[in-house]
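Everything in the sequence shown is counted per this note's numbering, starting at 1 for the first residue and increasing by one.
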Amino acid sequence: MTTVAFTPGTEARFAVARHVADAVLFEGYVLYPYRASAAKNRLRWQFGVLVPPSWSAAAEEHDFQHTECLMEPRTGAELAVEVRFLRAQRRTVEELREDGTFAPTGELRLADRVLVAWDEGVEERITLVVPVAGLRGDGTALPFTRPAAEETEEVTDTDGRVLGRLVRRREEISGTLRISAAELDGPYRVERLSVMVENTSTWTAEPGTDRHAALPYSLVATHTLLRLDGGSFLSMTDPPEWAKGAVAACRNLHTWPVLAGEPGRDDLMLSSPIILEDHPAIAPESPGALYDATEIDEILALRTAALTDEEKREARGTDARAAAVIELADTMPPEVLERLHGAVRSLQSVTGPKEPARSVLEPDTPWWDPGGDTGVDPGSDHVLVDGRAVRAGSRVVLRPRLRHTDAQDLFLDGRAALVEAVLHDVDGGVHIAVTVEDDPGADIRREQGRFLYFQPDEVEALEDE
1 MTTVAFTPGT
11 EARFAVARHV
21 ADAVLFEGYV
31 LYPYRASAAK
41 NRLRWQFGVL
51 VPPSWSAAAE
61 EHDFQHTECL
71 MEPRTGAELA
81 VEVRFLRAQR
91 RTVEELREDG
101 TFAPTGELRL
111 ADRVLVAWDE
121 GVEERITLVV
131 PVAGLRGDGT
141 ALPFTRPAAE
151 ETEEVTDTDG
161 RVLGRLVRRR
171 EEISGTLRIS
181 AAELDGPYRV
191 ERLSVMVENT
201 STWTAEPGTD
211 RHAALPYSLV
221 ATHTLLRLDG
231 GSFLSMTDPP
241 EWAKGAVAAC
251 RNLHTWPVLA
261 GEPGRDDLML
271 SSPIILEDHP
281 AIAPESPGAL
291 YDATEIDEIL
301 ALRTAALTDE
311 EKREARGTDA
321 RAAAVIELAD
331 TMPPEVLERL
341 HGAVRSLQSV
351 TGPKEPARSV
361 LEPDTPWWDP
371 GGDTGVDPGS
381 DHVLVDGRAV
391 RAGSRVVLRP
401 RLRHTDAQDL
411 FLDGRAALVE
421 AVLHDVDGGV
431 HIAVTVEDDP
441 GADIRREQGR
451 FLYFQPDEVE
461 ALEDE
């Protein structure tokens, strides 16, 4: 049994799930500020790493993933399986010497990028289609191997003159995909599906070997996609009452399966090293892959656009995917950036077939109409601070230490700031919106309405200049 191509129908269904699976595959691939020299990019590959067995014993990392889930297959149904992972491709940089030979170098500086040593991620897939009936008992096993390889790429300047080369090396890796199914006792025709992905590479870790040496022989960000062409999977997160006992008996090690694809469909399952909810989806506002899901897209886009030209050159030379992030941030239209500012989905109105019907959270009249309430005006209102009137345009000194509510207070204490607005809330509280002076992003914050907020006793008024 060998790796196979999927039918158009199965390929189309897997394409739906891969959109989310790509976020799993590349989560943490390269983090802001997207440079190889950044400390956070020196310790990579944290999710779903299946290391060689010799390193697993030495470092207590895992060399396998084990998924169990419940399915209700129809007679004659087939199961399609796709295991996806990254393979660490070690890239080194060499410069051309005067004698015509190439020698390793720490960096190669070009007009638009700075090339340095880096581990690139090469996507690999193991695919299999098998009748569900053939999985009962011992099931089936599919060994796989990816051979070692080496490639070189010449590096030239704008005039076409060769300056050096990139050398990319991949080590041989091997593994085994094991799949079996067992019919459960009870009134329902339910089967427990077991899928195990193992790293079986024969590389041996010598005493003192570190994790960096083991990564080229590892399966990185490993996850599994499953599809039934007839039948359905049961939710492992929210199973029906009659299946809760069987779900609790399933063993999932170093991975967790959830229903994938559109809500309301149950023919797809994604088993991921990152715990997800059923039917996970990428927000439609997301402009593209940023590889750093612990951050907010808007913040990442603004921070990336604010990098210096030299920082952007290094990011472009770090990795092709990092270069794409820089290009995305530099060319993002204002309307796309505005879309990242946020979206509220839970308060959307519900429309009926005859006439609009409002959500129960939508009152007949707004709780506050800024156009109809002439009693307040954030642009002209003021508040007294130490006997002085503070309003939009006033300068103040920030003293947030009075509240000790945020670690950021340590950096803001004593900083001068410009008041952008004085705001009154419905409970009678007063809030002063400010931008910090000498903040290079102040214009962007002002345009987006992203201010820092303080109460009157957290600022000191400055004399007008």
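From the three backbone atoms N, C-alpha and C, an ideal C-beta is built for every residue, glycine too.
Quiz item: In its own chain, which residues sit with a C-beta less than 8 Å from the C-beta of Phe-64, not counting the 5 before and 5 after it?
Solution: The residues are Leu-50, Met-196, Val-197, Glu-198, Asn-199, Leu-253 and His-254.
Exercise. Return the chain-ordered list of same chain residues with a C-beta closer than 7 Å to the C-beta of His-382, the five sequence neighbours on each side being excluded.
Key: Within the same chain, His-382 has close Cβ partners Ala-389, Val-390, Arg-391 and Val-422.
Quiz item: Which value, in whole angstroms, describes the spacing of the CA atoms of Glu-171 and Gly-449?
Solution: Distance between the alpha carbons of Glu-171 and Gly-449 is about 51 Å.
Quiz prompt | Meets three-Cβ-pair contact criterion under 8 Å: the stretch 153 to 166 and the stretch 31 to 50 | solution = The stretch 153 to 166 is not in contact with the stretch 31 to 50.
Quiz item: Can you tell me whether DSSP reads Arg-313 as helix, strand or coil?
Solution: In this structure, Arg-313 counts as helix in the three-state DSSP scheme.
Quiz item: Per DSSP, which one or two residues make a beta bridge with Ser-180?
Solution: Answer by DSSP bridge pairing, in chain order: Ser-194.
Exercise. Kindly indicate the opening and closing residues of the beta strand (DSSP E) around Asp-119.
Key: Segment 118 to 131, the beta strand (DSSP E) holding Asp-119.
Exercise. Below 6 Å CB to CB, which residues in the same chain sit around Glu-183 once its five sequence neighbours on both sides are set aside?
Key: Within the same chain, Glu-183 has close Cβ partners Glu-191.
Quiz item: Under a Cβ-count criterion, where at least 16 other Cβ atoms within 10 Å of its own Cβ denotes burial, should Pro-363 be classed as buried or exposed?
Solution: Caution is warranted here: a pLDDT of 46 is assigned to Pro-363, below 50, making its placement in the model unreliable, and the coordinate value is therefore given only provisionally. Pro-363 should be labelled exposed.
Quiz item: Given that a residue counts as buried once 16 or more other Cβ atoms are within 10 Å of its Cβ, and exposed if not, what is Glu-68?
Solution: By the neighbour-count rule (16 or more Cβ atoms within 10 Å), Glu-68 is buried.
Quiz item: Which residues in the same chain as Pro-356 place their Cβ atom closer than 6 Å to its Cβ, once the five residues preceding and following it in sequence are excluded?
Solution: At Pro-356 the pLDDT is 46, less than 50, meaning the model places this residue with poor confidence and gives no usable figure here.
Exercise. Can you tell me which of Arg-303, Asp-425 and Val-397 puts its alpha carbon nearest to the alpha carbon of Ile-444?
Key: Nearest option by C-alpha distance: Arg-303.
Practice problem: Please report how far the alpha carbon of Arg-125 lies from the alpha carbon of Gly-231, in whole angstroms. | Solution: Roughly 24 Å separates the two Cα atoms.
Quiz item: With a CB to CB cut of under 6 Å and the five nearest residues on each side skipped, what residues in its chain are close to Lys-40?
Solution: Excluding positions up to five away in sequence, the list reads Leu-31.
Quiz item: With respect to the beta strand (DSSP E) encompassing Arg-395, which residues constitute its N-terminal and C-terminal limits?
Solution: Here the beta strand (DSSP E) through Arg-395 covers 395 to 398.
Quiz prompt | Cβ-based burial, Ile-282 [other Cβ within 10 Å; buried from 16] | solution = Counting other Cβ atoms within 10 Å of its Cβ, Ile-282 stays below 16 and is therefore classed as exposed.
Quiz item: First and last residue of the alpha helix (DSSP H) that includes Phe-144?
Solution: In the DSSP assignment, Phe-144 falls outside any alpha helix (DSSP H) and within the unbroken beta strand (DSSP E) covering 140 to 146.
Exercise. For chain B, find out if any of its Cβ atoms is closer than 8 Å to the Cβ of Leu-31; answer yes or no.
Key: Protein chains in the displayed structure number just one, and chain B is not present.
Quiz item: Straight-line CA distance for Gly-317 to Gly-121?
Solution: For Gly-317 and Gly-121, the distance between alpha carbons rounds to 15 Å.
Practice problem: Could you tell me which residues DSSP puts in a beta bridge with Tyr-453? | Solution: DSSP lists Ala-433 as partners of Tyr-453.
Quiz item: How is Asn-252 classed by DSSP in three states: helix, strand or coil?
Solution: In the three-state scheme derived from DSSP, where H, G and I count as helix and E and B as strand, Asn-252 is classed as coil.
Practice problem: Specify the secondary structure class of Phe-233 as computed by DSSP and reduced to three states. | Solution: Here Phe-233 sits in strand by DSSP.
Quiz item: Any idea what DSSP makes of Leu-276, helix, strand or coil?
Solution: DSSP places Leu-276 in coil when its eight states are reduced to three.
Practice problem: Inspect the beta-carbon positions of Tyr-29 and Arg-321 and report whether they are closer than 8 Å. | Solution: The answer is yes: Cβ separation under 8 Å.
Practice problem: Specify the secondary structure class of Arg-90 as computed by DSSP and reduced to three states. | Solution: Reduced to three states, the DSSP call for Arg-90 is strand.
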